[in-house]
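Protein chains in written order, with the numbering used here: chain A, 1 to 560; chain B, 1 to 560. Working notes, beginning with the structure itself.
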């Protein structure tokens with residue numbers, strides 16, 4: 001049966017002329033794309049890798065680039081246990097807390113979620129070990145960083161699953177970031193003969209007469225390029241953070257921007273939909289606050305604020321009130337911004353003012369992980385300061401007014417200054433005692449880790465210290481944002497994209513944030529992004545390379 | 001260009017034999033379906049109306065069935081103004097508060113949202129007046145009920161837009177509900193010759209060689225039925241409340257069930273997707289709490305708890321703490337259930353215990369709008385009671401334990417009883433003063449309206465009264481639920497379903513909760529569900545009937 005139905009994202013083999021041909025096309029050059037490309041090449045496939053942007057690396061390049069890998073080879077070498085049943089319970093409990101049931105065969109997850117999480121546990125260690133052996137990953141196990149839910153009873157291995165990239169050119173145990181990860185991946189891919197092409201934006205896939213995906217059409221700087229894939233096409237093109245309309249109609253609440261690569265506009269979704277895929281987990285995202293000034297400027301190099309040090313520092317809403325544990329993992333802070341107040345028909349926390357004093361500036365300035373307390377000499381344009389709290393409030397108001405067209409006119413309530421005085425008084429009393437009775441700041445292991453040390457003489461709770469009674473005071477504005485989204489089509493356990501009936505779409509794979517994530521709305525730990533992304537890229541690359549060629553008389557794949 | 005790609009939801013004309021033929025097929029028998037069917041018939045079309053269930057009425061039949069209509073003819077007759085610019089600002093401000101800007105041409109909405117809201121304002125009054133003139137609606141303007149945001153500065157017509165169905169057989173001004181609305185619709189449709197068929201579940205649409213939708217295939221009690229539509233097919237099949245997997249991966253937080261018709265499983269979505277439609281507003285739903293026992297029993301006749309009277313009554317979370325204004329409009333209460341606590345990795349408010357005393361029972365028992373305080377003699381199986389608060393807590397714990405497999409094991413914290421004592425003490429002080437310093441209960445017009453009157457002697461705040469120091473005490477459990485979801489494909493202003501390029505899919509219309517709503521995540525007022533639904537059904541029916549016949553030699557449409 002044939003249909004002429006809507007298919008602007010599709011083309012028929014008979015209607016195109018191929019400019020080039022390869023075994024496997026990989027679309028995207030983040031960690032997922034590179035894991036797929038390297039693995040396909042190592043498994044004997046020729047690979048063309050297409051990148052929409054001007055340079056490689058996608059969102060990975062901008063990331064700290066931890067990767068969270070249960071039962072990884074570093075753990076096994078140290079004899080650290082991470083048994084499967086425990087790890088699955090841990091992930092299931094976080095992925096769907098409202099459905100979790102340790103007695104049920106799938107632990108309360110859907111069949112699909114369970115199968116994918118199980119596949120992740122079963123293959124992640126091998127994927128990372130193999131990529132490392134090939135030189136595509138150079139990892140440093142980072143055993144001092146706790147999982148985000150290290151304290152949870154179900155977490156039987158709260159340390160050891162997190163691996164960071166090695167700093168290229170640094171000492172053997174020196175930690176790098178996403179630029180290092182991408183550099184190592186790219187070097188390996190190049191060595192394996194992967195044919196990289198920048199500024200190639202894939203907008204259509206090509207189907208043969210059997211409706212197998214056998215190629216892509218890309219727009220490039222020099223025009224349309226049509227490439228045949230003898231074995232498979234693998235998409236690893238990231239989420240839809242920079243597609244404002246889709247994120248507004250998919251994510252649980254308002255999002256101002258995100259630190260995903262600016263090319264992440266959800267291009268794969270209409271292609272997958274045209275091929276009959278059902279989208280899942282479209283309400284999921286990797287969430288983090290972002291400095292409002294940065295979100296509105298929306299520059300490609302913008303970063304989220306993941307972990308913000310500071311002890312004599314609080315975040316307050318438009319009424320000058322604390323509404324969240326400022327040290328919570330970034331994923332868990334964002335829903336606070338979304339609170340809706342019915343009587344005033346407003347989001348009272350849509351933007352939070354982070355306020356600190358000269359001593360927090362002294363002890364906690366920096367730019368690591370998006371810390372907005374930029375030291376003197378750096379770009380402090382997003383920071384306002386004043387000698388007194390009322391003057392600081394005026395400066396915040398003025399800044400907010402300048403953003404009015406992007407915030408629904410959101411600004412401070414007249415009660416802000418008065419309430420803030422009470423807020424600081426209450427906070428200072430908690431800080432003196434070392435116990436935050438309202439939000440329990442500093443009580444989880446990850447909060448202490450992310451605070452990056454306390455000031456000298458603070459032996460109670462290093463995340464808290466009384467805010468000074470005298471200025472200068474500083475403030476910046478924080479808004480809800482994403483690292484990236486994580487909704488898309490379901491894949492099977494080797495990354496083949498599934499249609500609405502649950503059958504693989506021949507020739508089509510997806511890995512990373514362009515596919516539906518199996519972690520629900522959860523962020524299991526630092527690196528719970530890239531751990532599954534690299535694993536699924538690896539599995540997709542391996543399976544794609546092993547597919548039979550769909551082209552008669554095609555050159556045989558090069559033996560590995 | 002033709003594709004054989006995934007199309008289990010599609011069939012080709014050449015491959016089927018038609019059992020029957022009509023001008024317009026309407027799928028669904030809620031208010032949207034009936035508005036479409038009656039209007040198509042009144043515009044000269046023959047109509048076959050298919051209903052998946054055993055009986056007509058869909059979700060409408062279960063509803064209070066208010067319909068919110070700006071600038072309706074009842075208002076105009078009374079000389080009550082509801083100017084277009086004001087009404088659009090009001091709807092825009094609520095639909096996308098974070099984007100609202102009265103200075104922008106589309107008020108901060110997307111082009112599509114703005115066009116649809118404008119079309120709703122422009123045509124709702126006419127649609128309702130015309131349907132009323134035809135006898136398809138018998139309305140009673142309900143001017144005493146305020147909008148949910150009556151107090152908002154942008155709301156220039158807080159009273160007058162709400163219309164209820166007339167109670168069939170009742171006095172001329174006696175208000176009925178959805179059964180009355182459906183009864184009147186059905187009588188009119190029957191009179192206009194609409195051919196109604198129950199137990200017909202539409203699972204595929206039929207395309208002609210031009211890829212126009214020209215019919216449907218339904219599964220019926222007696223087998224497969226293939227029906228040709230000479231002019232159009234209109235879907236009005238409701239949302240996906242009873243599709244647990246889709247609601248989990250689309251809605252902003254956990255949902256236990258909903259009071260939509262149990263046939264509302266999102267059947268139209270894969271059909272629309274197969275035809276190239278993009279889904280929008282998939283994170284939107286009409287939200288309301290539901291008694292947990294009812295949600296878990298998941299009976300077709302279950303109701304949500306929309307407005308819950310009671311003054312010596314509070315709702316508390318697992319820690320025995322109040323977390324919400326119990327009198328807020330139901331839509332705005334539900335996100336409170338979704339709050340996530342990071343350190344414990346739990347939803348502390350996932351289920352709220354509603355607790356009341358003998359006097360609230362005396363003054364506020366009833367079953368209207370889902371009031372769980374069922375009077376003696378009714379079904380009180382969802383209510384636990386005890387002589388003391390600690391005993392009540394034990395009874396709640398026991399009930400929760402019995403639901404453990406459906407709630408992720410959620411139960412009360414050991415601190416519940418101790419905290420509840422403080423909560424009641426604090427609440428009682430507020431009640432004595434008549435001012436709820438924590439949540440401002442009773443301060444919005446709708447809260448007073450929904451409280452349905454206070455007890456004698458309460459001249460401060462009729463929604464609050466101190467909870468008795470002595471038992472008996474009563475409790476029931478409330479959980480997050482939906483009336484129905486409101487995500488689906490975009491339509492244009494006459495209800496034609498749009499593909500991903502924004503072009504109408506020939507022959508295909510949608511109205512109501514199976515289409516993407518233009519109200520975002522908002523619930524403008526009581527009846528903001530059915531007002532747009534009836535209007536879009538009317539517009540779709542009118543436009544469908546006016547389409548040219550796609551069948552040569554077809555019998556001409558009967559002149560009206």
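We put the beta carbon where it would ideally sit given N, CA and C, even for glycine. Quick caveat, the model's predicted, so the values are computed rather than measured.
Local conformation of residue i per DSSP, three classes
i	result
residue 49 of chain B	strand
residue 54 of chain B	coil
residue 487 of chain A	coil
residue 382 of chain A	coil
residue 228 of chain A	strand
residue 438 of chain B	coil
residue 474 of chain B	strand
residue 500 of chain B	coil
residue 468 of chain B	coil
residue 35 of chain A	helix
residue 43 of chain A	coil
residue 235 of chain A	strand
residue 354 of chain B	strand
residue 245 of chain B	helix
residue 376 of chain A	coil
residue 277 of chain B	strand
residue 258 of chain B	strand
residue 560 of chain A	The predicted position of residue 560 of chain A is uncertain, since its pLDDT is 37 and thus under 50; no value can be drawn from it.
residue 3 of chain B	Below a pLDDT of 50, predicted positions are generally treated as unreliable, and residue 3 of chain B, at 49, falls in that range; the measurement from the model is reported next regardless. If DSSP states are grouped into helix, strand and coil, residue 3 of chain B belongs with the strands.
residue 482 of chain B	strand
N-terminal and C-terminal residue of the alpha helix (DSSP H) that residue i is part of
i	result
residue 184 of chain B	178 to 191
residue 75 of chain B	73 to 78
residue 432 of chain B	416 to 433
residue 12 of chain B	Element bounds for residue 12 of chain B: not the alpha helix (DSSP H) but the beta strand (DSSP E), 10 to 12.
residue 397 of chain B	389 to 402
residue 530 of chain A	530 to 545
residue 215 of chain A	Run containing residue 215 of chain A: none in the alpha helix (DSSP H); it sits in the beta strand (DSSP E), 213 to 220.
residue 269 of chain A	268 to 274
Enclosing beta strand (DSSP E) for residue i [first to last residue]
i	result
residue 23 of chain B	20 to 27
residue 360 of chain B	Element bounds for residue 360 of chain B: not the beta strand (DSSP E) but the alpha helix (DSSP H), 358 to 364.
residue 443 of chain A	That residue, residue 443 of chain A, is in no beta strand (DSSP E); it is neither H nor E in DSSP.
residue 175 of chain B	No beta strand (DSSP E) holds residue 175 of chain B; DSSP gives it neither H nor E.
residue 203 of chain B	200 to 207
residue 197 of chain B	195 to 197
Any C-beta of chain D under 9 Å from that of residue i
i	result
residue 347 of chain A	No chain D appears in the structure shown, which is made up of the protein chains A and B.
Cβ-heavy atom distance, residue i to the ligand ADP, below 8 Å
i	result
residue 390 of chain B	Only the bare structure without any ligand can be found here, which leaves the ligand ADP out of the picture.
Chain-ordered residues of the region 223 to 256 of chain B with a beta carbon less than 7 Å from chain A: Within the region 223 to 256 of chain B, the residues whose Cβ lies closer than 7 Å to some Cβ of chain A are 245, 249, 250, 251, 252, 253, 254, listed in chain order.
Report the start-end ranges of each beta strand (DSSP E) in the region 96 to 170 of chain A that is 3 residues or longer and not cut off at the edges. Considered as a whole, the region 96 to 170 of chain A harbours 139 to 141, 162 to 165 as its complete beta strand (DSSP E) runs of no fewer than 3 residues, in chain order.
Give the list of continuous alpha helix (DSSP H) stretches no shorter than 4 residues that lie fully inside the region 286 to 340 of chain A. Segments of the alpha helix (DSSP H) lying fully in the region 286 to 340 of chain A: 292 to 297, 330 to 337.
Which residues, in order along the region 331 to 345 of chain B, keep a beta-carbon less than 9 Å from a beta-carbon of chain A? Within the region 331 to 345 of chain B, the residues whose Cβ lies closer than 9 Å to some Cβ of chain A are 331, 332, 333, 335, 336, 338, 339, 340, 341, 342, 343, 344, 345, listed in chain order.
Using a Cβ cut-off of 8 Å, which residues of the region 80 to 99 of chain B contact any Cβ in chain A, in chain order? Residues of the region 80 to 99 of chain B that bring their beta carbon within less than 8 Å of a beta carbon in chain A comprise 93, 94, 96, 97, 98, 99, in sequence order.
Of the residues that make up the region 261 to 294 of chain A, which ones have a beta carbon closer than 9 Å to any beta carbon in chain B? So the close ones are 269, 270, 273, 274, 275, 276, 277, 278, 279, 280, 281, 282, 283, 284.
Select from the region 107 to 131 of chain A all residues with a C-beta closer than 9 Å to any C-beta belonging to chain B, and list them in chain order. Of all residues in the region 107 to 131 of chain A, 108, 110, 112 have a Cβ within less than 9 Å of some Cβ in chain B.
Relative to chain A, which residues along the region 377 to 410 of chain B have a C-beta separation below 9 Å, given in chain order? Answer set for the region 377 to 410 of chain B: 404, 405, 406, 407, 408, 409, 410.
May I ask you to verify whether the region 500 to 520 of chain A touches the region 281 to 301 of chain A, counting CB pairs closer than 8 Å and requiring at least 3? As far as the Cβ criterion goes, the region 500 to 520 of chain A touches the region 281 to 301 of chain A, which means the pair count is three or higher.
Taking contact to mean at least 3 C-beta pairs separated by less than 8 Å, is the region 115 to 125 of chain A in contact with the region 57 to 73 of chain A? Because the criterion of three Cβ pairs below 8 Å is met, the region 115 to 125 of chain A and the region 57 to 73 of chain A touch.
Is the region 232 to 243 of chain A touching the region 426 to 446 of chain A, taking contact as three or more C-beta pairs under 8 Å? No, the region 232 to 243 of chain A does not touch the region 426 to 446 of chain A.
Going along the chain, which residues of the region 440 to 454 of chain A sit with their C-beta nearer than 7 Å to a C-beta in chain B? Of all residues in the region 440 to 454 of chain A, 440, 443, 444 have a Cβ within less than 7 Å of some Cβ in chain B.
Under 9 Å, CB to CB, which of the residues in the region 495 to 518 of chain A have a partner in chain B? So the close ones are 499, 500, 501, 503, 505, 516.
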